[in-house]
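A quick write-up on the structure given underneath.
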Amino acid sequence: TPYGPVIKEFSLADRSILASEYYYIMPNDIIYAMPRQARPFQINSTVWTLFLTTVTSAMGVIAFFRTLNP
Numbered sequence: 300t301p302y303g304p305v306i307k308e309f310s311l312a313d314r315s316i317l318a319s320e321y322y323y324i325m326p327n328d329i330i331y332a333m334p335r336q337a338r339p340f341q342i343n344s345t346v347w348t349l350f351l352t353t354v355t356s357a358m359g360v361i362a363f364f365r366t367l368n369p
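Under my numbering, the first residue of the sequence shown is numbered 300, with each subsequent residue one higher.
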């Protein structure tokens, strides 16, 4: 701007930003996203991997034997 830099803080979760002049990114704009304080959702991957591997293998064996005996 002619008056110097403008610092604006807002939430992208708020729908009113869509009607704001700040919705569009202009040349030389700098966007800084603050890190979230919440812990990300984590899945115990070992359990899920074992479960999905077992189910997939069982389905493959069943499909194989069904094709042998039509």
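Just so it is clear, CB atoms sit at the ideal spot from N, CA and C, and this is done for glycine as well. All values reported here derive from a predicted model rather than from experimental measurement.
For V346, the enclosing alpha helix (DSSP H) begins and ends at 344-367. Taking Y321 as the centre and dropping the five residues before and after it, the same chain places the C-beta of K307, F309 closer than 7 Å to its C-beta, in chain order. E320 carries a helical assignment under DSSP once its states are collapsed to helix, strand and coil.
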